[in-house]
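Chains as they are written, first to last, in my numbering: chain E, 1 to 432; chain Z, 433 to 864; chain F, 865 to 1296.
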Amino acid sequence: MSMADGGEMHEFIAALYPICRSITGNGVRTTLEQIKRYIPLTVHEVPSGTRVFDWTVPKEWNITDAYIKNADGKKIVDFHRCNLHVVNYSVPVKKKLPLAELKSHLFTLPAHPQWVPYRTSYYSESWGFCLSHEQFLQLSDGEYEVCIDTSLEDGSLTYGEYLIRGETSDEVLISCHICHPSLCNDNLSGIAVSTMLAKMLSQGTHRYSYRFLFVPGTIGAITWLWANEPQVTAIKHGFVLAGVGDRGPLTYKRSRQGTAEIDRVFAHVLSRSENKYEIVEFSPYGYDERQFCSPGFNLPVGCVMRTPFGHYPEYHTSADNLSFIHPQALVDSLTTCLEVCSVLESNRTYVNLNPKCEPQLGKRGLYRSVGGTPPPDGVDGLVLLWVLNLSDGKHSLLDIAERAGCRFTDVNEAVKLLVKHGLLRECRESFV
Amino acid sequence: MSMADGGEMHEFIAALYPICRSITGNGVRTTLEQIKRYIPLTVHEVPSGTRVFDWTVPKEWNITDAYIKNADGKKIVDFHRCNLHVVNYSVPVKKKLPLAELKSHLFTLPAHPQWVPYRTSYYSESWGFCLSHEQFLQLSDGEYEVCIDTSLEDGSLTYGEYLIRGETSDEVLISCHICHPSLCNDNLSGIAVSTMLAKMLSQGTHRYSYRFLFVPGTIGAITWLWANEPQVTAIKHGFVLAGVGDRGPLTYKRSRQGTAEIDRVFAHVLSRSENKYEIVEFSPYGYDERQFCSPGFNLPVGCVMRTPFGHYPEYHTSADNLSFIHPQALVDSLTTCLEVCSVLESNRTYVNLNPKCEPQLGKRGLYRSVGGTPPPDGVDGLVLLWVLNLSDGKHSLLDIAERAGCRFTDVNEAVKLLVKHGLLRECRESFV
Amino acid sequence: MSMADGGEMHEFIAALYPICRSITGNGVRTTLEQIKRYIPLTVHEVPSGTRVFDWTVPKEWNITDAYIKNADGKKIVDFHRCNLHVVNYSVPVKKKLPLAELKSHLFTLPAHPQWVPYRTSYYSESWGFCLSHEQFLQLSDGEYEVCIDTSLEDGSLTYGEYLIRGETSDEVLISCHICHPSLCNDNLSGIAVSTMLAKMLSQGTHRYSYRFLFVPGTIGAITWLWANEPQVTAIKHGFVLAGVGDRGPLTYKRSRQGTAEIDRVFAHVLSRSENKYEIVEFSPYGYDERQFCSPGFNLPVGCVMRTPFGHYPEYHTSADNLSFIHPQALVDSLTTCLEVCSVLESNRTYVNLNPKCEPQLGKRGLYRSVGGTPPPDGVDGLVLLWVLNLSDGKHSLLDIAERAGCRFTDVNEAVKLLVKHGLLRECRESFV
């Protein structure tokens, strides 16, 4: 295994790839079991029929088999070769029907004739098959046998949760959707990066508590918010991880608040990276940030993607496979999230204990730096001066980094040095 | 007649064109009588000598005849051929005088030798004639007879007013100046568009009351403000109409407040039109917005023009005639004002009745839209989501349209659909 | 002498040039005596050892002689030829030593082999010589005799202060550093401009009191702040003068507050000048604005320079001599500061006494201007209208000039005219 080159994440994705997930059912459970190999997830089951805000937890869907046989009895479409072949959440069906009638249940992508599309029929009882357009064109007239061996029964909706307790009960929420079948970027990539991020954050102590959610898209997030409504005020920052394995540049979508601390931290970290990136404004269409940012919650939760959904042709097709995602992209996504968490952890406010005029840095060995060689500790002297000048209890370290035009990490190093020399102390009173 | 192609407005302007108007007198009365053919105007008369703030209502000016005869007794300048020939508000005069002396009373436009300039002598007792520079150059030495048969006597200042009562007493003020003689763009165009706007708004019910003023420039607006000072707090929005018939792009001049709702609505409507337009900042020089926006009133009143005054050579000359204005330009000005009123009418604030997570649009048949076909009602699904997301009682529909980057009308359609489905209700509490 | 062409300032600088100044000692005293020829300076002496915030007033340093003799007994480096040759604040030394050992005490500028660098050893006991790199390369092996005849003894830190009392006790602080030896731009230029500014402001009465400081860099400003801490709240505006004689464009560095009135006034005056200029953001590295803008004081004090320190190769070298500075640059710096003071003096808030509608300017002879000839007093009519429109007690004259896009001086002339006509009065209530 190798965390550094993304090999471990890619292998994890490969293991999850064959599982046929949906918004409910055993596919989700099996996936959560796999995640438990890395982190001690708590698995919740919420019964079908439970009213969650304006929604109702749906029946549990499970699938054993699905195929189309031609008049010769040959399986021309087989769920076991690719689970995208069956429209996800299809009701059971077993019957013979002529091609003309079958066609209204077939979905293809004429623009990409070799790819199989991904379709769902959540919240409406229907059935169907997805196949490549090439294969569709070869279908000859005649009678076909269709079989979808699924069950739609009262059961439960399943999701996983992992809380890493920190020094305070203030939380950072990190959420990803786990309801898609064999699609790698959307969203096995998010599952893998989230799992590894949780694993790494679990090693060490933190100021914040980190809450990881592995939930079915939309209904899972809604169910979690419904079940945890009184506690959501603990969430101070958060982001959704989805589509973080393709070769495109990292994209951060701002929260509804737009200038929340999480938004500013992502903007800072991305702007200081050497890679291309995009920052896009909030919109109410997208992943589960839609629920976290609904007006009744308005949580400071953004969304981390690489190429945004719908902006790459492989999106929601069989071409979103293991070769579409790239280990180095996974690593870059993970590293960025870790850096963001690191900035959140350190983004405190300090007060200069010698606020009247500059303290005499020279007698403390801290002055050689400015315009010349750095001081012994390797901290840039100008950053020392910025920290002293702006540490009036009203500027966070991120404020200082932004105004000084330097890296947060450099500001943080300067802070450590100044605290060590008794020139600075954390301002624990409420942030202004 | 045709409202749609501007023919009716152009005919109305043609009917008003020959009348010799001034800031007082029968020209104004005749003009208001003509407007009454379309709308039930109330005509007010304010006696000469009335003190109105820092000003005094001037004497009433009426004119019967004015000419210059040469030594041969031939009328070489005749008021009855063009009422611009006499300096407006000239005192009576009848005498003979040599060319050298006459010249100090003659005004021409050397840069446009065929045009007659428009000049006034309000608030200073003098007299004069305006003529083309070509004619001026042909004047030979000798004695001339000048006759200006005017009267300047105590009488009154006349203005027209029309209030269309709405559901509330909150008012939209629409004002135009009616004191210019035979000049079409400045401001028969404003009179015609204002009249037709009033006629159209009088058909139907509205949230706002609409108050139309037809007043002599400056002194008329001041007199109205003086007479109605306690009631001006009812004015929530307003605009002045002047020079709205030429072929230039529509120009909106912001109110002194700069970001009043009327300023934002004009900016929104113009930015969504297919035509070129200009938005200019407030300045204290211009039309009667100067009075409405004086610091003691500071009303949210902008000004609608096409090419701004002074930016076209025909301004205040005989070339501002019936061929200078264009029916289609009048229609475009009228249509824009109607659309602005329509946005003002609908720009309310709503609350999402399911603010916690998204409501389940699918079960209401409202979800097919996003990224695909529109829902049955033809409303864009993304706009539905924006309205739901921002309807927290703090965002007006205009706020939502601006943030979503879409048309106000699309937002308004989405609102109607959501209200119909019980997902939204108007927020009647005070707007935040 | 000539103030107008900068000749007097240049001569003053020439007189100060030979004096060997340091942060303490007789060089500073002699310099202050010279300044007293122009303005009645008060000289303060603060004893060595006094604790001033985090600092301690150092010992007094005086120098009689310093040289290096070669083996032949020839003085090859002589303090009396150029006082930069000795590292400023060197401890006394008299001994013989070989070249190899001497070299660790020698400082040169290889990139500019003919120039002598300026070095100091404040706050650390050491000694050294500065010489040209050309001379350094010619040193042959052998024994050298070094002599630095200095004294470092308890004495005092000396600084000068001059307060011009105005109508109010609100102060404008103008400060320059006086601790550098034979360096013309840094900062004999600042001393000369400051002296002449004080001399000119002392002639006449002012609204503000003007406090001029002539202090050793850093420790002098800190000492002054320590000694005057309770009174600094009187400082409403201020600027530091340093490096204002070179041929580069004027540069204004904003105060820590960034949009203080002094920052806006400098921006306005510079933007209306015909010369190139730069406005740079605050940073905590620079001249004594560092102390005035430390978070415990946060005074609205900017810094006036021409080419910023460190951005010209002559900085802190013997090439910063009398030919490096230019009389016209000194005049331009002085003139700009005078204009800034003039704007500060006049930047008051007025109320329109006829706030409802425009006053009738015509009956007061103030109206011919707009779009035509100016009124008798030479004031632009549009500026009159702007002043009337915005004088609501909430807009200062600078606010008006900025919004109207015109010169402050034009606004001020309009104000005088309107006050004379009883249309405006100063708003003495607290500025909103």
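Where a beta carbon is used, it is the ideal one built from N, C-alpha and C, also for glycine.
{"query": "Contact with chain E by GLN1095(F), beta-carbon distance below 8 angstroms", "result": "no"}
{"query": "Simplified DSSP state of GLY220(E), which is helix, strand or coil", "result": "helix"}
{"query": "Rounded separation between PHE1103(F) and SER1147(F) - CA only", "result": "14 angstroms"}
{"query": "Backbone secondary structure at ASN952(F) - three-state DSSP", "result": "strand"}
{"query": "Beta-ladder partner(s) of THR335(E), from DSSP", "result": "Per DSSP, none; premise fails for THR335(E)."}
{"query": "Residue closest to PHE297(E), alpha-carbon to alpha-carbon, out of SER271(E), GLU281(E), GLY310(E), GLN257(E)", "result": "GLN257(E)"}
{"query": "Beta carbon of ALA624(Z) nearer than 8 angstroms to that of ILE596(Z)", "result": "no"}
{"query": "contact_flag[the region 1036-1055 of chain F, the region 872-891 of chain F] where n(CB pairs < 8 angstroms) is 3 or more", "result": "yes"}
{"query": "Beta-carbon proximity check, GLN546(Z) vs GLU566(Z), cutoff 8 angstroms", "result": "yes"}
{"query": "ASN784(Z) burial status per 10 Å Cβ neighbour count (16 or more: buried)", "result": "buried"}
{"query": "Complete runs of the beta strand (DSSP E) confined to the region 992-1050 of chain F [at least 3 residues]", "result": "1007-1017, 1020-1028, 1035-1041"}
{"query": "Between the CA atoms of PRO1177(F) and LEU948(F) - distance to the nearest angstrom", "result": "16 angstroms"}
{"query": "Start and end residues, alpha helix (DSSP H) containing ASP866(Z)", "result": "Past the edges of chain Z, shown from 433 to 864, lies residue 866(Z), and the structure says nothing about it."}
{"query": "Cβ-based burial, LYS708(Z) [other Cβ within 10 Å; buried from 16]", "result": "exposed"}
{"query": "Exposure label - LEU424(E); buried when at least 16 CB within 10 Å", "result": "buried"}
{"query": "Spatial distance of GLU465(Z) from ASN494(Z) (CA atoms)", "result": "17 angstroms"}
{"query": "Inter-residue Cα distance where the pair is TYR499(Z) and VAL509(Z)", "result": "5 angstroms"}
{"query": "Paired residues, beta bridge with PRO716(Z) - DSSP", "result": "Its beta-bridge partners do not exist; DSSP assigns none."}
{"query": "Beta-carbon gap between GLY190(E) and GLY243(E) smaller than 8 angstroms", "result": "yes"}
{"query": "Neighbour flag for SER1220(F) against chain Z, beta carbons, 8 angstroms", "result": "The displayed chain sequence assigns Lys, not Ser, to residue 1220(F). Yes - at least one Cβ of chain Z is within 8 angstroms of the one on LYS1220(F)."}
{"query": "Segment contact, 8 angstroms Cβ cut-off, at least three pairs: the region 740-760 of chain Z with the region 694-706 of chain Z", "result": "no"}
{"query": "Cβ neighbour criterion (16 or more within 10 Å) applied to ASP824(Z)", "result": "buried"}
{"query": "Chain Z contact for TRP1250(F) (CB, 8 angstroms cutoff)", "result": "yes"}
{"query": "Residue burial classification, ARG81(E) (beta-carbon count within 10 angstroms, cutoff 16)", "result": "exposed"}
{"query": "Nonlocal neighbours in the same chain, by C-beta distance under 6 angstroms from GLU1290(F), ignoring five residues either side", "result": "ARG1212, TYR1214"}
{"query": "Amino acids of chain E, ordered along the chain, whose beta-carbon sits closer than 9 angstroms to that of ASP1184(F)", "result": "Result: empty, since nearest Cβ-Cβ is about 17 angstroms, beyond 9 angstroms."}
{"query": "Where ALA868(F) falls, given that 16 or more other Cβ within 10 Å makes a residue buried", "result": "exposed"}
{"query": "Buried or exposed by the 16-neighbour rule on C-beta atoms within 10 Å, applied to GLY574(Z)", "result": "exposed"}
{"query": "Cutoff 6 angstroms; reference ARG839(Z); Cβ partners in own chain excluding five residues on either side", "result": "ARG704"}
{"query": "Per-residue DSSP class, three states only, for HIS268(E)", "result": "helix"}
{"query": "Rounded separation between LYS958(F) and THR1181(F) - CA only", "result": "26 angstroms"}
{"query": "Chain F contact for SER391(E) (CB, 8 angstroms cutoff)", "result": "yes"}
{"query": "HIS10(E) - partner residues in DSSP beta bridges", "result": "For HIS10(E), which the question treats as bridged, DSSP gives no partner whatsoever."}
{"query": "Per DSSP, cross-strand counterpart(s) of PHE1156(F)", "result": "In DSSP, PHE1156(F) forms no bridge with anything."}
{"query": "Contact set between the region 710-722 of chain Z and chain F, restricted to residues whose Cβ is under 8 angstroms from the partner", "result": "SER715, PRO716, TYR717, ARG722"}
{"query": "Per-residue DSSP class, three states only, for VAL1104(F)", "result": "strand"}
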